[in-house]
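Participant: Residue numbers (full-length UniProt numbering): 2 to 148.
Cβ atoms here follow ideal geometry from the backbone N, Cα and C, with glycine treated the same way.
Every value quoted in this text rests on a predicted model; they were computed, and no experiment measured them.
First the structure, then my questions, so here it is.
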Ligand code: DQA
């Protein structure tokens, strides 16, 4: 499988950014852990982090016909980007939404995900491990779908 891994705004600051909430792992170390898992599963990954909504949307469109699924931490866009949500609906690719923190036990505005209704599912609260759990879930989903 070919999987696109998208990281939304401010995730480039992991390691520095609010370590009490998001942990001390950097994005580079998260990607390294994901790459190791992907190799074991026989998955090819491509990574993109962007602070810009339109850049993420463009990349989702490009994934149409070339990727089998998307693993995504949309960052704060999770809570209000109908444009990102519509981009996912447009390409009809399975998306697994991941969050480092458990968004459901944080501020009220983080309890809503406008992405969740167009995702296969959501994994939140396991820190850097959320990404690995998300990749495993997406892999299993694709296998069971039989592609
Ligand atoms: C986050 C949670 C979001 O509410 C926040 O805006 C982020 C990170 C997470 O991974 O826990 O940027 O998506």
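(1) Please report the distance separating the alpha-carbon of residue 36 from that of residue 97.
(2) For residue 115, which residues does DSSP report across the bridge?
(3) Using a Cβ-based criterion (distance less than 8 Å to any ligand heavy atom), does residue 81 qualify as near ligand 1?
(4) Taking the alpha carbon of residue 139 as the reference point, which residue from 46, 33, 110 and 13 has its own alpha carbon closest?
(5) Who's in the neighbourhood of ligand 1, going by beta-carbon under 6 Å from any heavy atom, listed in chain order?
(6) Could you spell out where the beta strand (DSSP E) holding residue 47 opens and where it closes?
(7) Output the distance between the C-alpha atoms of residue 41 and residue 128, rounded to the nearest integer angstrom.
(8) According to DSSP, residue 98 sits in a beta bridge with which residue or residues?
(9) What is the rounded straight-line gap between the Cα of residue 88 and the Cα of residue 142?
Facilitator: Checking against the coordinates, here is how it stands:
(1) Rounded to whole angstroms, residue 36 to residue 97 spans 17 Å at the Cα level.
(2) Paired residues: none, contrary to the question.
(3) no
(4) 46
(5) In chain order, the qualifying residues are 11, 74, 76, 77, 79, 100, 101, 102, 104 and 111.
(6) 45–50
(7) 21 Å
(8) 73 and 123
(9) 21 Å
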